[in-house]
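The opening position of the sequence shown corresponds to residue 1 in UniProt numbering, with each subsequent residue numbered one higher.
Note that beta-carbon positions come from the ideal geometry of N, C-alpha and C, so glycine has one too.
Report on the following structure.
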Amino acid sequence: MPSGELPAALQGLEPEALWRHFGELSKIPRPSKHEGRVLDWLKEFAEERDLQWKQDAVGNIVIYRPGSAGGEKAAPVIVQGHVDMVCEKNAEVAHDFMADPIKLVRKDDWITADGTTLGSDNGIGVCAALALLDLPATETLPPLECLFTIDEETGLTGAFELDGSMLRGRTLLNLDTEDWGDVFIGCAGGGDSILRLDLQQEGVPAGCTALDVHVKGLLGGHSGINIHEDRGNAVRMAAATVEAILAAAPTARLVSMHGGDKRNAIPRECSATVVVPAAELDAAQEAVAKRGAAFQQEYGLKEPALSVSAAPAAATPAACLSQQAGQQLVDLLLTVPHGVCKNSHAVEGAVVPPCTRAARPLTPPPPSLVETSTNLAAVKPGEGGSDGASFTVTCSTRSSLAAPLELVRSSISRIGRLCGAEVEQDAAYPGWAPNPGSDIVKLTAETIGRITGKAPAVKAIHAGLECGIIQEKLPGLDSVSYGPTITGAHSPDEQVRISTVLPFWQATLDILRQLALA
């Protein structure tokens, strides 16, 4: 496709400039920690338009647009989004996130991708900032400092390492939330726990058959925004299925497990390999069938595509975990917490994405914002020694309060140590404390209310935004976050609602015009 030609899925959509930039952005591979190509693209964008830009040591870029049409002397405004994206795909989809463009698909009022994450989180926010930079000098705007951060999704590295000297503005529009019509003024902090198990291996007994166990078809989703919906966790389900096999076939042994990928995504798929003596094969298969039926009964319409299966492996491995080692891994995966730990008693109004599929009804919203949660995100095999195997288990914990956050992380650490794991926990990142009386919050709420015809909900969100970290770099910063409607973030179900993008853009323009003339 020639550069600049709109993909068919985006033709006719407004605002045309925003969608055109999104079409170009979708051609550029940009996994977290691999943003080099998109950063080069941003620098070329600035230079082609004779706009000044700066880049800090970690890679964040700021592109500057002078104020115009009466806004020349206004205070500068920071417009911020992150350039990386979560890279998830369905198992049957052949897609290389390091090389292939995202295939855009239009379905009614939605833009989605073909079996992969879309990158609308936060690609729409990034492209809105680019469209602002492209506006003519006749547009009334304050000086803009468009900040494009890296590696938001896997460590908030860009925000943590931001060189604040690149920015003069003390008003921040963060364009990285996903419920159009709502205004966000606070978010959770969080931190990861990495549990490493070194386990004893032994030779596979003669006469054993290897079975590949698969749990797939789950919704997955964002580990903050969707955590209260009680969606299935494929890692937990696979561990429970292996436990059922080991109970029904006492001489069966676990070989390996692999499931989940991103710390901030609820795992949708997980696989395990077990070896089973011929005499216990029927019992093992029956255990899988019973466990799958139990999960179907438990999750009902919540997870209509859930599949739990076991089939002979292509080859029988030479080694397996010892009985004790296999149980050790299963115990860890079934004991570390997952899900909502506690709701807030201070902040009303949970963030509940709109349901888009009749077969996938959401649970009723909780009575208050989720305060503390944790996500059993992944289990992955590593390189073991000559007679052992290693596994890494990742847990990601969030809370709007520091003390409950550390309490859950401490619990995960204790469980890990009791199961024989080495535990590594990074420093927790701060939340963003709500300030409902701030000037930019009031202006944003009034503007969005005028466009939608109803007063917006002003909320905190149980997800990590960069605002709190950036505020530590820029004392006195006044922040707000809003965005178009995006559902299924961090999963191949990700989609952006077309009809919310234009009013989101109009609100952004209106807010900036008012700031230019303030």
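Residue i vs residue j beta-carbon contact at 9 angstroms
i           : j    : result
A460        : C187 : yes
K27         : E153 : no
W505        : I185 : no
residue 520 : V288 : This structure does not reach residue 520, given that the chain is present from 1 up to 518, and the question cannot be answered.
G81         : V126 : yes
A128        : T485 : no
L515        : A74  : yes
R49         : G189 : no
I63         : F148 : yes
A313        : A389 : no
K33         : D163 : no
L197        : F22  : no
S271        : A315 : no
V501        : W41  : no
T447        : D510 : yes
V183        : P456 : yes
L10         : I111 : yes
A377        : G468 : no
L144        : R65  : yes
H258        : P430 : no
K302        : A244 : no
C341        : E371 : yes
Neighbour-count burial assignment, residue i, 16 or more Cβ in a 10 Å radius
i    : result
V379 : buried
G71  : buried
I498 : buried
R414 : exposed
H222 : buried
G480 : Per the sequence shown, the amino acid found at residue 480 is Val instead of Gly. That one is buried.
L517 : exposed
G437 : exposed
A249 : buried
H345 : exposed
K216 : buried
Q495 : buried
T116 : buried
V393 : buried
G181 : buried
G191 : buried
L133 : buried
E424 : exposed
P364 : Only weak support exists for where P364 lies, its pLDDT of 43 falling under 50; the value from the coordinates is given anyway. Answer is exposed; the Cβ neighbour count stays below 16.
A278 : exposed
A94  : exposed
A358 : Only weak support is given to the placement of A358: the predicted model assigns it a pLDDT of 33, under 50, and the value that follows is read from those uncertain coordinates. It is exposed - the Cβ of A358 has fewer than 16 other Cβ atoms within 10 Å.
A427 : exposed
L13  : buried
Expected contact under 8 angstroms - CB spacing of residue i and residue j to nearest Å
i           : j    : result
N343        : I227 : Not confirmed; about 11 angstroms, so no contact.
V77         : L401 : Not quite, the Cβ-Cβ distance comes to about 30 angstroms (not below 8 angstroms), so this is no contact.
G232        : H462 : Wrong, their Cβ atoms sit about 19 angstroms apart, outside the cutoff.
V274        : V213 : 7 angstroms
A240        : L334 : 6 angstroms
I61         : K89  : Contact doesn't hold; Cβ gap of about 28 angstroms is too wide.
A445        : L195 : Contact doesn't hold; Cβ gap of about 42 angstroms is too wide.
R30         : D96  : So it is not a contact: roughly 13 angstroms between Cβ atoms.
G326        : L218 : No, G326 and L218 are not in contact; Cβ-Cβ is about 24 angstroms, not under 8 angstroms.
C146        : V58  : The pair is not a contact, with the Cβ atoms about 17 angstroms apart (cut-off 8 angstroms).
A46         : E139 : With a Cβ gap of about 18 angstroms, A46 and E139 do not count as contacting.
P142        : G67  : 5 angstroms
G483        : L156 : Their Cβ separation, rounded to whole angstroms, is 18 angstroms, which puts G483 and L156 out of contact at 8 angstroms.
K103        : A113 : 6 angstroms
residue 560 : V86  : For residue 560 there is no data in the structure shown, the boundaries of the chain being 1 and 518.
P337        : S411 : 7 angstroms
S373        : G416 : Not confirmed; about 18 angstroms, so no contact.
A311        : L211 : 7 angstroms
L135        : L477 : Actually they are not in contact, since the Cβ atoms of L135 and L477 sit about 24 angstroms apart, beyond 8 angstroms.
Beta-bridge pairing of residue i - partner residues as DSSP gives them
i    : result
K107 : W110
M166 : M166 pairs with nothing; no bridge assigned.
V308 : V215
H222 : A265
L321 : Q201
S193 : C395 and Q425
E145 : Y64 and I78
K380 : T392
F184 : K459 and S481
message = Whether or not the stretch 176–186 and the stretch 405–414 are in contact is what I'm after, with contact meaning three or more pairs of Cβ atoms, one per stretch, closer than 8 angstroms; do they touch?
response = Flag = no, the stretch 405–414 and the stretch 176–186 do not touch.
message = With a threshold of 8 angstroms, are at least 3 pairs of Cβ atoms found where one atom belongs to the stretch 112–132 and the other to the stretch 489–503?
response = Contact between the stretch 112–132 and the stretch 489–503 is present, because at least three Cβ pairs lie under 8 angstroms.
query = Counting pairs of Cβ atoms below 8 angstroms between the stretch 469–482 and the stretch 151–170, do you hit three or more?
reply = Touching, per the Cβ criterion.
query = For the 8 angstroms Cβ check, are there 3 or more pairs between the stretch 188–208 and the stretch 290–304?
reply = Short answer: they don't touch.
ask   = How do the stretch 322–339 and the stretch 250–257 stand: do at least 3 beta-carbon pairs fall below 8 angstroms, yes or no?
value = They touch, by the three-pair rule.
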